[in-house]
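Right, one structure below, let's go through it.
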Amino acid sequence: MKYLLPILAIAGLFFAGYTVVSSNQPMPIAKAVAEPASSPFKEFIAGAGIIESKSQNIAIGTPLARIVSRVAVKVDDTIKIGTPLFYLDERDTRAELVIKEADLAKALASVNEAKASLIDTQTLENIAESVTDKRAISKEELVRRHNAVAIAQAKLDSAKAVVQQAQASIADSRTTLERLIIRSPIDGEVLQVNVRVGEFAQAGVLTTPLMLVGNIDQLHVRVDIDENDAWRFDKNNKAVAYLRGNRAFKVELELAYLEPFVIPKKSLTGDSTERVDTRVLQALYSFDRKQLPLYIGQQMDVFIETQVPNTGAGS
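If you're matching positions, the sequence shown starts at 23 in my numbering and goes up one per residue.
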């Protein structure tokens, strides 16, 4: 027993030493899930690219804030210009239309009444003016009948104006009914549906669009070029893109067009060295989508060839 405590103390000392030594060992570096892409060019600009449809990704909105009564399409549906996408509740507008149509019928009846009154007053005026003996009717009576005709004509004009107003009101309601059917602005496909029957569709700019459509017959990759590299960009130089996550998938790019307005960077890659206050020049490239298994919204690593620094190459 007298040796037990010293033995335990020595064992604890060795254990503490082992723990300290083992905890100071460098952590093994985890192997990358996918090797990063490398540029095939000696001098280049690197940028992150986002896949989007040729027509750009169109966020469908609504001009009126209402409850959704029906969704007519689903994701991946092929659509044409004018294809109904979803319907908004129209019951109150249809009820108003019935009232306005009744108002139109009443206005038309008033026009017929005003016409009959005008004919009557014109007949009395004609009779008075046809009297050969001017002593048979006073001048005051002739003036009164003439004024009655003018008043009847004014009432007819007013009744016709009410008819036009009622017709315009009906046209307004019918236009509203048409606006309650949200239609496709392009030929393309439905990329995303974020609205359901019974949900309230808000008007205006939304963080999450009600529906997303686009023409995917041909895809574009939108490349963010850092403003510090913008002066090196030459639209005539070669560009290649690698699929993020698998550098074996490579495709050559062809410049579709350049958006010359430099904007704040919105597409973030998550790199620890990335600055969120960067401004970027955006170039859109086209490519043969059959070469790569791509989806809209995917990221690509893009490399654009440049000339040797300080040669004055520019766009």
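Every residue gets a Cβ at the ideal spot worked out from N, C-alpha and C, and that includes glycine.
Give the secondary structure of residue i by DSSP, where H, G and I count as helix, E and B as strand, and everything else as coil.
i      : result
Leu110 : strand
Ala225 : coil
Arg244 : strand
Ile318 : coil
Val215 : strand
Phe36  : helix
Ala94  : coil
Pro286 : strand
Using DSSP bridges, identify the partner residues of residue i.
i      : result
Tyr279 : Leu306
Phe325 : Ala68 and Val262
Ser75  : Leu241
Thr100 : Glu211
Arg116 : Bridge partners of Arg116: none, in fact.
Arg205 : Pro106
I'd like to check one pair, residue j with residue i: are the Cβ atoms closer than 8 Å?
i      : j      : result
Val215 : Val90  : no
Lys122 : Ile203 : no
Leu265 : Tyr307 : no
Val324 : Ala270 : no
Leu338 : Thr84  : No answer is possible for residue 338: the residues shown for the chain start at 23 and end at 337.
Ala129 : Ala225 : no
Val284 : Ala252 : yes
Leu110 : Ala223 : yes
Val150 : Glu163 : A small fix is needed here, since residue 150 is Ala in this sequence, not Val. Yes, the pair counts as a contact, with Cβ atoms nearer than the cut-off.
Once the 5 residues before and after residue i are set aside, which same chain residues still bring their CB inside 7 Å of it?
i      : result
Gly104 : Arg205 and Ser206
Ser195 : Thr115, Glu118, Leu119 and Lys122
Ala81  : Pro231 and Leu234
Please list, in chain order, all residues of the same chain as residue i whose beta carbon is under 6 Å from its beta carbon, the five residues on each side excluded.
i      : result
Ala136 : Lys177, Leu178 and Ala181
Val171 : Thr143, Gln144 and Glu147
Leu316 : Ile73
Ser139 : Ala174
Leu277 : Lys257 and Tyr307
How far does the beta strand (DSSP E) with residue i in it reach, from first residue to last?
i      : result
Lys272 : Asn268 to Glu274
Ile173 : From DSSP, Ile173 is part of no beta strand (DSSP E) but of the alpha helix (DSSP H) over Lys161 to Arg201.
Val235 : Met233 to Gly236
Ala81  : Ile80 to Ile82
Once the 5 residues before and after residue i are set aside, which same chain residues still bring their CB inside 8 Å of it?
i      : result
Leu280 : Lys257, Leu303, Gln304, Ala305, Leu306 and Ser337
Asp209 : Ile101, Lys102, Ile103 and Asn237
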